[in-house]
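For the sequence shown, our numbering assigns the number 258 to the initial residue and increments by one for each residue that follows. For reference, the structure discussed in these notes is given below.
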Amino acid sequence: MAEPTWSIEVFDGGNFARFYSRLDEAERTVVEVAIEHVLAPLGIDICASEWGKNLGQGLFELRIRRDIETILREFGAAERVGEVPKRWRRKRVLIRVYCTFYGQRIVLLLGGYNKLRDPSRKQEQKEIRAARSVLSAWKRE
């Protein structure tokens with residue numbers, strides 16, 4: 258298991274909980290695995306890889322486009338593949354998790370977007386605008 262170096266928090270005033278609740282169980286699991294094995298250990302350094310993108314003005318996205326099995330194997334947790342139901346291991350995903358980084362290595366989850374459900378540019382921009390709005394609300398607190 259990767260050693261987490263960043264703390265993960267969910268902004269109560271954000272859309273992450275609603276986004277997460279709308280995912281199916283396999284999608285929720287891949288989000289959890291990506292947060293544990295990619296986002297928590299790398300933090301803002303996700304942007305130096307294909308895993309992250311700086312969207313500007315303090316908003317970032319974690320780009321999840323690998324299945325659970327691939328993530329576990331790539332990040333040194335191959336022994337956990339057996340814990341995942343076989344039908345989920347290679348399930349295709351295309352998920353964005355919107356976040357910001359602050360303080361002493363804290364990642365704040367703001368929202369998310371399942372791009373496979375609606376891959377249109379219009380929907381993607383709508384989701385980014387919503388995440389920016391949540392980030393602005395958090396900054397005002």
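Where is the CB? At the ideal position from N, CA and C, for every residue including glycine.
- Item | C-alpha distance - L351 paired with I321, whole-angstrom precision | By 1-based counting over the sequence shown, the position of residue 351 is 94. By 1-based counting over the sequence shown, the position of residue 321 is 64. Their backbone Cα atoms lie some 6 Å apart in a straight line.
- Task: Go ahead and pull the three-state DSSP assignment for V338.
- Result: Position 81 of the sequence shown holds residue 338. Helix at V338.
- Message: Taking only three categories from DSSP, how would you classify V364?
- Response: The count along the sequence shown starts at 1 and reaches residue 364 at position 107. Three-state DSSP puts V364 in a strand.
- Run through DSSP, which three-state label would K372 get? For the purposes of this step, residue 372 is identified with residue 115 of the sequence shown, where counting begins at 1. Under the three-state reduction of DSSP, K372 is assigned to coil, being neither helix nor strand.
- Task: Assign S379 to one of three DSSP states: helix, strand, or coil.
- Result: Residue mapping note: residue 379 aligns to position 122 of the sequence shown, counting from 1. According to the sequence displayed, residue 379 carries Lys and not Ser. K379: helix per DSSP, three-state reduction.
- Item | Backbone CA spacing between M258 and L280 [nearest angstrom] | Translated into the one-based positions of the sequence shown, residue 258 becomes position 1. Translated into the one-based positions of the sequence shown, residue 280 becomes position 23. Because the pLDDT of M258 is 49, which lies under 50, any placement of that residue in the model is unreliable, and the number read from its coordinates should be weighed accordingly. Our two residues, M258 and L280, have alpha carbons roughly 24 Å apart in a direct line.
- Pairwise C-alpha distance: I363 and G315: As a working note, residue 315 is residue 58 in the sequence shown. As a working note, residue 363 is residue 106 in the sequence shown. In this structure, the CA atom of G315 is about 13 Å from the CA atom of I363.
- Message: When you compare the region 290 to 307 with the region 372 to 382, are there three or more beta-carbon pairs, one atom per stretch, that lie closer than 8 Å?
- Response: No, because fewer than three Cβ pairs between the region 290 to 307 and the region 372 to 382 fall closer than 8 Å, the two stretches do not touch.
- Task: Within its chain, find whatever has a CB closer than 7 Å to the CB of R274; leave out the 5 residues flanking it on each side and keep chain order.
- Result: By 1-based counting over the sequence shown, the position of residue 274 is 17. Note that residue 274 is Ala in the sequence shown here, rather than Arg. Here the set comprises V267.
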